[in-house]
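Asker: Before we start, here is the structure in question, set down as structure tokens.
There are 2 protein chains.
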Amino acid sequence: MAYEQEEEEEHEIRSQLYEQFALIAKAFGSARRLTLIEILAQAEYTVERLAEEAEISVANTSQHLKTLREVRLVKVRRDGVVAYYRLTDEGIFQTWQMIRELGERHNAEIDRLANRLWLDRDPQLSISFEDLMPLLEEDSLIILDVRPEREFWSGHITGAICIPLPELPGRLPEISKNRKVIVYCRGPYSTLSDKAVRLLDANGYHAKRLELGLPEWRLQGLPVSSQPREMLPAS
Amino acid sequence: MAYEQEEEEEHEIRSQLYEQFALIAKAFGSARRLTLIEILAQAEYTVERLAEEAEISVANTSQHLKTLREVRLVKVRRDGVVAYYRLTDEGIFQTWQMIRELGERHNAEIDRLANRLWLDRDPQLSISFEDLMPLLEEDSLIILDVRPEREFWSGHITGAICIPLPELPGRLPEISKNRKVIVYCRGPYSTLSDKAVRLLDANGYHAKRLELGLPEWRLQGLPVSSQPREMLPAS
DNA sequence: CAATTATTCAATAAAATAATTGAATAAAAT
DNA sequence: ATTTTATTCAATTATTTTATTGAATAATTG
């Protein structure tokens, strides 16, 4: 009888414990929150700028950030009225990446949607980290980061230059035509670099797109440079 | 205008894509489903046996398995009326482990609950994989797997012997008293090995508990032995 | 061929989650 | 001291998710 009761209680504790783990998984279980996580994997952001990047209303973004905060997936620091959000640690991005890879391996619908997103992504114009490595020796190579400036300063491939996509058309003259250009952005589902490659290609440049983004580059232990927070631009 | 519309459409596709990834995360977002995943990480199971192990009703277990199946976290094979479920690949357990580690790192409630579950787990009687390695040379060591037989045959530490916990009291004579015993089970939140260590200890054995379970051992690439499916016991 | 067994399905009621809207708060700027 | 700005909160409605119960299905066994 006492033994049965002990078993009962143990089962109850374990249920509560797994309920807590489930809360963490649930925090990843929303398209909007995954979008926020993807952006926060690039840089610390304020609620308003984050909402703008994610194309979600500010109030809704704030609510989702609250959910993420409750299970400690994100942290806030406050500077006056302004709240700066960032991922708690590298494990958050890693977990998102694992979920992403599960989907890529097993889910046909994901395959279909990814291909629609990549309609005009030419596989010939893509390059993996591995294939880039030997080319890094040549100094005739330009590595171009087309993410928003704030993301670049928060961490970029060492040696890369920063021209955010919206500014690229006006700043083409800054790029020498006789050097190969390698463009990268946030990750496999970000199309900033696709658009940059198309633009460069149309203007007679020899440009390729890195298959993965900065967070994946960092996770693989490849060289990243960044600016201390105090020196970051406002927006 | 056409550009705006293109942006619109891209946003829509990306939303749908992330919705798919969210479905996968949601599948991990239930205490009961995590319990099922934890058990399926040990071995293939039928619905009924799985329900029994997880202490969930059969109908409810079947429903949760359906959810897991829909996002391809589990696979079924059928043999007559009997359905055998198993995890689709190693990535499922890895993802669960990442979520578990996130919780352990950041969630105080999880810490509190784990400690209640481990009330009578003596840290002195625990040993890590790393610390076990040098001891493996001594052949005076007995490695004891106290999980259900089906889990043992599906994969166990090479050299281990199998005595399921419920049978242990009656089978103590099989264990030589002058050899150290290392007991293991499903993982850090399984208490089968705690109970075994307590029993052995009370009977004059020198027993310790492995901190992690078989799935973690396998994931680290340590030596595992198993029996082909056809040779597995029925229950 | 009836009975048994393992699994799934359908219906239900309760609970949790989502996005929108508009208001509240509180620091900073005028 | 007002006004502006960034963020959060509260209320609402719609939707989704959950566990239970009891029935349906379909392969085996007697």
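The listed protein sequences derive, respectively, from chains A and B. Residue 56 is where the first sequence starts when you use this note's numbering, and the numbers rise one by one after that. Residue 56 is where the second sequence starts when you use this note's numbering, and the numbers rise one by one after that. Glycine residues also receive a C-beta, built at the ideal position from the N, C-alpha and C atoms.
Below 6 Å CB to CB, which residues in the same chain sit around residue 56 (chain B) once its five sequence neighbours on both sides are set aside?
Answerer: Unreliable positioning characterises residue 56 (chain B) in this predicted model, as indicated by a pLDDT of 44, which lies under 50. A coordinate reading is not provided.
Asker: Roughly how many angstroms separate the alpha carbons of residue 99 (chain B) and residue 144 (chain B), rounded to a whole number?
Answerer: Computed Cα separation, rounded: 12 Å.
Asker: Taking residue 131 (chain A) as part of the beta strand (DSSP E), name the residues at either end of that continuous run.
Answerer: Element bounds for residue 131 (chain A): 129-134.
Asker: Sort B:261, B:220 and B:65 by Cα distance to residue 231 (chain B) and report the nearest one.
Answerer: Out of B:261, B:220 and B:65, B:261 has the C-alpha closest to the C-alpha of residue 231 (chain B).
Asker: Let me confirm a value: residue 209 (chain B) is counted as buried when at least 16 other C-beta atoms fall within 10 Å, else exposed. Which label applies?
Answerer: Result: buried.
Asker: How long is the line joining the alpha carbons of residue 132 (chain B) and residue 120 (chain B), rounded to whole angstroms?
Answerer: Those two C-alpha atoms are separated by around 13 Å.
Asker: So residue 136 (chain A) and residue 211 (chain A) are in contact, right, with Cβ under 8 Å, and what is the actual spacing, rounded?
Answerer: About 29 Å; that fails the 8 Å criterion.
Asker: Short check: CB of residue 96 (chain B) to CB of residue 148 (chain B), under 7 Å?
Answerer: Result yes, Cβ atoms of residue 96 (chain B) and residue 148 (chain B) sit closer than 7 Å.
Asker: Using alpha carbons as the reference points, say which of A:141, A:80, A:156 and A:63 lies closest to residue 110 (chain B).
Answerer: The residue with the shortest Cα to Cα distance from residue 110 (chain B) is A:63.
Asker: What residues of chain B sit near residue 81 (chain A), judged by a beta carbon separation below 9 Å?
Answerer: Going along chain B in sequence order, the residues near residue 81 (chain A) (Cβ under 9 Å) are 80, 81, 83, 84 and 85.
Asker: What's the C-alpha gap between residue 115 (chain A) and residue 200 (chain A)?
Answerer: Each residue's alpha carbon lies about 29 Å from the other.
Asker: Cβ of residue 165 (chain B) less than 7 Å from any chain A Cβ?
Answerer: Cβ-Cβ to chain A under 7 Å: yes for residue 165 (chain B).
Asker: Using a Cβ-Cβ cut-off of 6 Å (strictly less than) and excluding sequence neighbours within five positions of residue 246 (chain A), which residues of its own chain qualify?
Answerer: Cβ neighbours of residue 246 (chain A) beyond the five flanking positions: none.
Asker: Take residue 78 (chain B) as the anchor and find which of A:240, A:87 and A:76 has the nearest alpha-carbon.
Answerer: Nearest C-alpha to residue 78 (chain B): A:87.
Asker: Which residues in the same chain have their Cβ closer than 6 Å to the Cβ of residue 92 (chain A), if we skip the five residues on either side of it in sequence?
Answerer: Taken in chain order, the residues that qualify are 151.
Asker: Measure from the C-beta of residue 132 (chain B) to each C-beta in chain A and report whether the shortest distance is under 7 Å.
Answerer: Chain A, which has no Cβ nearer than 7 Å to the Cβ of residue 132 (chain B), makes this no.
Asker: Tell me the DSSP secondary structure of residue 56 (chain A) in three-state form.
Answerer: Because the pLDDT at residue 56 (chain A) is just 45, under 50, the model does not fix this residue reliably, and the point stays unresolved.
Asker: Mind checking if residue 122 (chain A) is an interface residue toward chain B, Cβ cutoff 7 Å exclusive?
Answerer: So, not an interface residue.
Asker: Can you pull the chain A neighbours of residue 118 (chain B), defined as C-beta to C-beta under 7 Å?
Answerer: Ordered by position in chain A, no residue passes the 7 Å Cβ test against residue 118 (chain B), which lies about 16 Å from the chain.
Asker: Return the Cβ separation of residue 168 (chain A) and residue 128 (chain B) in integer angstroms, given the expectation that the two are a contact with Cβ distance under 8 Å.
Answerer: Wrong, their Cβ atoms sit about 19 Å apart, outside the cutoff.
Asker: With H, G and I counted as helix, E and B as strand and the rest as coil, what does DSSP make of residue 144 (chain B)?
Answerer: If DSSP states are grouped into helix, strand and coil, residue 144 (chain B) belongs with coil.
Asker: Starting from residue 197 (chain A) and walking both ways along the alpha helix (DSSP H), at which residues does that stretch end?
Answerer: Premise fails: residue 197 (chain A) lies in the beta strand (DSSP E), 197-200, not in any alpha helix (DSSP H).
Asker: Take the Cβ of residue 188 (chain A) as the centre, count every other Cβ of all protein chains shown within 10 Å, and call the residue buried at 16 or more, exposed below.
Answerer: Exposed is the call here.
Asker: From which residue to which residue does the beta strand (DSSP E) around residue 165 (chain B) run?
Answerer: It is not in any beta strand (DSSP E) - residue 165 (chain B) instead sits in the alpha helix (DSSP H) that spans 163-172.
Asker: Can you list, in chain order, the residues of its chain with a C-beta nearer than 8 Å to that of residue 224 (chain B)? Leave out the 5 residues immediately preceding and following it.
Answerer: The residues are 254.
Asker: Can you tell which of A:236, A:276, A:258 and A:118 has the C-alpha that lies nearest to the C-alpha of residue 265 (chain A)?
Answerer: Comparing Cα-Cα distances from residue 265 (chain A) to each of A:236, A:276, A:258 and A:118, the minimum goes to A:236.
Asker: Could you check whether the Cβ of residue 94 (chain A) sits closer than 7 Å to any Cβ belonging to chain B?
Answerer: Cβ-Cβ to chain B under 7 Å: no for residue 94 (chain A).
Asker: Which term fits residue 108 (chain A), buried or exposed, when burial requires 16 or more other beta carbons within 10 angstroms of its beta carbon?
Answerer: Buried.
Asker: Mind pulling the chain B residues with CB within less than 7 Å of residue 73 (chain A)?
Answerer: Residues of chain B passing the Cβ test: 86, 89 and 90.
Asker: Going straight from the alpha carbon of residue 70 (chain B) to that of residue 197 (chain B), what length do you get?
Answerer: Between residue 70 (chain B) and residue 197 (chain B), the C-alpha separation is close to 54 Å.
Asker: Run through DSSP, which three-state label would residue 212 (chain B) get?
Answerer: Three-state result, residue 212 (chain B): strand.
Asker: Can you tell me the Cα-Cα spacing of residue 134 (chain A) and residue 203 (chain B), whole angstroms?
Answerer: Taking the straight line from one Cα to the other gives about 56 Å.
Asker: Would you verify that the beta carbon of residue 215 (chain A) is, or is not, closer than 7 Å to some beta carbon of chain B?
Answerer: Not one chain B Cβ lies under 7 Å of residue 215 (chain A).
Asker: Secondary structure at residue 234 (chain B), three-state DSSP: helix, strand or coil?
Answerer: DSSP places residue 234 (chain B) in coil when its eight states are reduced to three.
Asker: Between residue 84 (chain A) and residue 160 (chain B), which are expected to be in contact by the criterion C-beta below 8 Å, what is the C-beta distance as a whole number of angstroms?
Answerer: Contact flag wrong, Cβ pair sits at about 20 Å.
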